[in-house]
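*Asks:*
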């Protein structure tokens with residue numbers, strides 16, 4: 022008898038599809054996914070052979086992941102995103118164990134096809150999204166030197182100018198409080214101007230400046246390429262050739278636009294270094310100190326590109342929803358208490374207006390900023406980590422190279438850590454003495470551990486100064502026809518995006534003391 026199957030025989034020909042199908046099944050089951058199931062960690066059932074749980078997460082990945090955690094009582098579990106196995110952290114203690122206690126083991130980032138391979142192909146990636154290596158360590162060290170307490174103190178004149186610009190813009194454009202107004206663009210300009218001044222010594226005056234709007238639009242688009250929701254091609258490789266042409270084309274287009282305005286901004290900084298003009302900024306510092314720090318052009322582009330491609334998103338998104346909550350019926354009492362606490366520390370509105378950019382005396386405003394960041398994390402599902410080393414967790418062996426996601430929406434609303442009122446917005450929780458006080462990092466909106474946002478202290482200072490000046494200047498009440506949504510999930514205009522941007526709403530900004538406010542504005546401008 023022949024030792025092989027005659028493929029030309031009808032019976033043999035019938036076996037070919039069966040053998041191919043068997044080979045595909047074996048490949049998909051044993052070779053397609055980067056890691057097999059992690060023993061000791063529960064896995065969400067019913068994952069697809071090709072996509073795993075990617076499409077089962079729906080249009081709101083953070084909420085679905087949170088629901089799975091609550092349904093099964095799993096603070097940590099594993100899923101499959103296409104050909105990648107991923108661990109999802111849903112509780113504060115689990116996130117702190119993985120990301121803070123085990124920070125040397127969870128400090129890496131994965132290389133994503135779209136963000137790293139397409140968007141960042143010509144202008145380098147960003148520090149926050151880069152894999153962990155010596156270059157990334159060096160870049161983080163350099164950026165960290167610009168955000169130390171002494172360095173941030175030098176930025177106070179800029180903070181004074183930009184926060185005053187927000188106040189004056191809202192005051193004038195609302196016809197001195199007589200017309201309700203949408204605050205979003207004023208806070209976006211604030212955050213972008215601070216980053217532009219910080220990086221390039223450049224700022225925008227008009228809220229309708231075309232370059233301002235282009236940078237904001239491009240930064241939002243670039244942020245979308247970090248999302249698990251909109252980039253299935255990162256996890257299902259065949260989509261890169263058959264179904265993702267539109268996303269790849271969009272990535273290429275936004276990369277081209279981003280490269281153009283980044284080059285223009287850097288060229289201006291280079292010229293100012295050559296002729297000795299202009300004020301100090303990060304770009305000038307990097308160019309002047311490049312030899313001492315052994316910075317390459319790639320390093321400089323990565324640092325500046327990273328800061329300008331989304332380094333300001335957390336500030337403006339948090340400021341916008343903070344205003345939304347303050348203007349709501351629930352926020353009126355918080356406004357009153359915040360105003361009283363500010364005024365208990367100063368002799369006049371004028372003194373308070375001047376000093377809040379220099380110091381943080383109001384413990385209630387500090388608590389309000391922290392609660393806003395906790396309650397409304399800008400990145401509901403934080404960009405993925407990747408384990409740099411293997412380690413043991415509750416009897417499970419976590420392998421090197423596996424994806425780890427922090428579900429900030431779930432972590433920041435963990436009732437076992439924040440109490441039964443975790444789903445309530447309550448700044449007072451940070452002023453109460455409790456035996457079970459929440460330890461640092463208090464919330465995970467800035468990440469944590471070795472890859473925590475390097476500008477966390479600066480961001481907190483911007484938010485403190487912004488909210489303080491708003492509360493000192495205005496009584497904020499929500500529009501009756503276009504009020505804000507303040508639910509911690511529903512306020513987000515697009516749950517498929519990487520960052521949560523509040524839906525449109527309008528506010529009535531009634532000046533507390535118009536003459537005093539105008540005097541404060543004149544002194545700060």
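Residue numbers (my numbering): 22 to 546. Glycine included, every Cβ here is placed at the ideal spot set by N, Cα and C.
1. For the pair the segment 190 to 203 and the segment 451 to 462, tell me if three or more CB-CB distances fall below 8 Å.
2. Could you pull the start and end residues of the alpha helix (DSSP H) that residue 429 belongs to?
3. Nearest to residue 384 by alpha carbon, out of 206, 300, 489?
4. The beta strand (DSSP E) that contains residue 102, what's its start and end?
5. Please report how far the alpha carbon of residue 72 lies from the alpha carbon of residue 498, in whole angstroms.
6. Determine, using beta carbons only, whether residue 104 and residue 130 come nearer to each other than 8 Å.
7. Looking at the secondary structure, which residues open and close the alpha helix (DSSP H) in which residue 373 lies?
8. Out of curiosity, what's the CA-to-CA distance linking residue 274 and residue 249?
9. Using 8 Å for Cβ pairs, my map puts residue 347 next to residue 255. What's the rounded Cβ distance?
10. Does the separation of the CB atoms of residue 284 and residue 304 fall below 8 Å?
11. Give me the Cα-Cα distance between residue 370 and residue 76, rounded to the nearest whole angstrom.
12. Pull up the distance between the alpha-carbon of residue 245 and that of residue 110, whole angstroms please.
13. In whole angstroms, what is the alpha-carbon distance linking residue 542 and residue 173?
14. How do the segment 338 to 356 and the segment 492 to 507 stand: do at least 3 beta-carbon pairs fall below 8 Å, yes or no?
15. For residue 180, count neighbouring C-beta atoms within 10 Å of its own C-beta (all shown protein chains included) and say buried if the count is 16 or more, exposed if not.
16. Could you compute how far the alpha carbon of residue 78 sits from the alpha carbon of residue 142?
17. Return the CA-CA distance between residue 536 and residue 177, expressed in angstroms with no decimal places.
18. Could you tell me the alpha carbon to alpha carbon distance between residue 461 and residue 481, rounded to whole angstroms?
19. So, at 7 Å on beta carbons, what are the nonlocal neighbours of residue 233 in its own chain, with the 5 sequence-adjacent residues on each side left out?
20. What's the C-alpha gap between residue 22 and residue 53?
21. For the beta strand (DSSP E) that residue 202 lies in, which residues bound it at each end?
22. By a C-beta neighbour count over all protein chains shown, 10 Å radius and 16 as the cutoff for buried, is residue 170 buried or exposed?
23. For residue 293, does the count of other Cβ atoms within 10 angstroms reach 16, so buried, or fall short, so exposed?
24. Which complete beta strand (DSSP E) runs does the segment 89 to 161 hold, if anything under 3 residues is left out?
25. Would you kindly work out how many angstroms separate the C-alpha atoms of residue 166 and residue 477, rounded to a whole number?
26. Expressed to the nearest angstrom, what Euclidean distance is found between the alpha-carbon atoms of residue 261 and residue 493?
27. Quick test of your reading: residue 396 and residue 509, contact by CB under 8 Å. State the CB separation rounded to the nearest angstrom.
28. Give me the Cα-Cα distance between residue 459 and residue 439, rounded to the nearest whole angstrom.
29. Are the segment 360 to 367 and the segment 316 to 328 touching by the rule of at least three beta carbon pairs closer than 8 Å?
30. Mind checking who residue 523 pairs with in its DSSP beta bridge?
31. Can you grab the Cα-Cα spacing for the pair residue 106 / residue 315, in whole Å?
32. Could you work out which residue in 491, 122, 515, 239 is closest to residue 82 when comparing CA atoms only?
33. Please classify residue 243 as buried or exposed, where buried requires at least 16 neighbouring CB atoms within 10 angstroms.
34. Residue ranges of each alpha helix (DSSP H) run of no fewer than 4 residues wholly in the segment 267 to 353, ordered along the chain?
35. Around the Cβ of residue 404, are there at least 16 other Cβ atoms within 10 angstroms (buried) or fewer (exposed)?
36. DSSP three-state call for residue 554: helix, strand or coil?
*Replies:* By the coordinates alone:
1. Contact fails: fewer than three Cβ-Cβ distances are below 8 Å.
2. Mapped onto the chain shown, residue 429 falls at position 408. Looking at the DSSP string, the run of the alpha helix (DSSP H) that includes residue 429 is 429 to 432.
3. Here residue 384 refers to the residue found at position 363 when the chain shown is read from its first residue. Ranking the options by Cα distance to residue 384, first place goes to 489.
4. Here the question's residue 102 lines up with position 81 in the chain shown. Unbroken beta strand (DSSP E) run through residue 102: 97 to 102.
5. For the purposes of this step, residue 72 is identified with residue 51 of the chain shown, where counting begins at 1. For the purposes of this step, residue 498 is identified with residue 477 of the chain shown, where counting begins at 1. C-alpha separation (whole angstroms): 46 Å.
6. Locating residue 104 in the chain shown gives position 83, counting from the first residue. Locating residue 130 in the chain shown gives position 109, counting from the first residue. Not a contact, by the Cβ cut-off of 8 Å.
7. Stepping through the chain shown from its first residue, residue 373 is reached at position 352. Taken as a continuous stretch (DSSP letters only), the alpha helix (DSSP H) holding residue 373 covers 370 to 376.
8. Here residue 274 is taken as the residue at index 253 of the chain shown, counted from 1. Here residue 249 is taken as the residue at index 228 of the chain shown, counted from 1. Taking the straight line joining both Cα atoms gives about 20 Å.
9. As a position in the chain shown, residue 347 is number 326, starting the count at 1. As a position in the chain shown, residue 255 is number 234, starting the count at 1. Incorrect: roughly 38 Å between the Cβ atoms, too far for contact.
10. By one-based count along the chain shown, residue 284 stands at place 263. By one-based count along the chain shown, residue 304 stands at place 283. Between residue 284 and residue 304, the CB-CB gap reaches or exceeds 8 Å.
11. Translated into the one-based positions of the chain shown, residue 370 becomes position 349. Translated into the one-based positions of the chain shown, residue 76 becomes position 55. Roughly 53 Å between the two C-alpha positions.
12. For this step, residue 245 is matched to residue 224 along the chain shown. For this step, residue 110 is matched to residue 89 along the chain shown. Linking residue 245 to residue 110 through their CA atoms gives a straight-line distance of about 22 Å.
13. Mapped onto the chain shown, residue 542 falls at position 521. Mapped onto the chain shown, residue 173 falls at position 152. Cα-Cα distance, rounded: 23 Å.
14. The segment 338 to 356 vs the segment 492 to 507: in contact.
15. Within the chain shown, numbered from 1, the residue matching residue 180 stands at position 159. Classification for residue 180: buried.
16. Stepping through the chain shown from its first residue, residue 78 is reached at position 57. Stepping through the chain shown from its first residue, residue 142 is reached at position 121. Take the alpha-carbon of residue 78 and the one of residue 142: they are about 29 Å apart.
17. For the purposes of this step, residue 536 is taken as residue 515 along the chain shown, with counting starting at 1. For the purposes of this step, residue 177 is taken as residue 156 along the chain shown, with counting starting at 1. Approximately 25 Å, taken between the alpha carbons.
18. Translated into the one-based positions of the chain shown, residue 461 becomes position 440. Translated into the one-based positions of the chain shown, residue 481 becomes position 460. Going by the C-alpha atoms only, they are around 15 Å apart.
19. For this step, residue 233 is matched to residue 212 along the chain shown. Here the set comprises 210, 213, 225.
20. For the purposes of this step, residue 22 is taken as residue 1 along the chain shown, with counting starting at 1. For the purposes of this step, residue 53 is taken as residue 32 along the chain shown, with counting starting at 1. Residue confidence is low: residue 22 scores 45 on pLDDT, short of 50, so the model does not pin down where it sits. No coordinate-derived value is stated.
21. Numbered from its first residue, the chain shown carries residue 202 at position 181. Taken as a continuous stretch (DSSP letters only), residue 202 belongs to no beta strand (DSSP E), as it is neither H nor E.
22. What you label residue 170 is simply residue 149 of the chain shown in a count that begins at 1. The Cβ neighbour count for residue 170, taken over all protein chains shown within 10 Å, is under 16; the residue is labelled exposed.
23. Within the chain shown, numbered from 1, the residue matching residue 293 stands at position 272. With 16 or more other Cβ atoms within 10 Å, it is buried.
24. With a minimum length of 3 residues, the continuous beta strand (DSSP E) runs that stay inside the segment 89 to 161 are 97 to 102, 105 to 110.
25. Counted from its first residue, the chain shown places residue 166 at position 145. Counted from its first residue, the chain shown places residue 477 at position 456. Inter-residue distance for residue 166 and residue 477 is about 13 Å (C-alpha atoms, whole angstroms).
26. Stepping through the chain shown from its first residue, residue 261 is reached at position 240. Stepping through the chain shown from its first residue, residue 493 is reached at position 472. One C-alpha to the other measures close to 52 Å.
27. Taking the first residue of the chain shown as 1, we reach residue 396 at position 375. Taking the first residue of the chain shown as 1, we reach residue 509 at position 488. The C-beta distance from residue 396 to residue 509 rounds to 5 Å, short enough to meet the 8 Å contact threshold.
28. Counting from one through the chain shown, the residue named residue 459 turns up at place 438. Counting from one through the chain shown, the residue named residue 439 turns up at place 418. In this structure, the straight-line span from the alpha carbon of residue 459 to that of residue 439 is close to 7 Å.
29. Cβ pair count under 8 Å is below three, so no.
30. Taking the chain shown and counting its residues from 1, the one referred to as residue 523 is at position 502. Bridge partners of residue 523: 513.
31. Stepping through the chain shown from its first residue, residue 106 is reached at position 85. Stepping through the chain shown from its first residue, residue 315 is reached at position 294. Between residue 106 and residue 315, the C-alpha separation is close to 37 Å.
32. For the purposes of this step, residue 82 is taken as the residue at position 61 of the chain shown. Checked all of 491, 122, 515, 239; the closest Cα to residue 82 is 515.
33. One-based indexing of the chain shown puts residue 243 at position 222. Counting other Cβ atoms within 10 Å of its Cβ, residue 243 reaches 16 or more and is therefore classed as buried.
34. Whole alpha helix (DSSP H) segments, 4+ residues: 303 to 309, 318 to 329, 334 to 348.
35. The sequence position of residue 404 within the chain shown is 383, counting from 1. Burial of residue 404 is indicated by the presence of at least 16 other C-beta atoms within 10 angstroms of its C-beta.
36. For residue 554 there is no data in the structure shown, the boundaries of the chain being 22 and 546.
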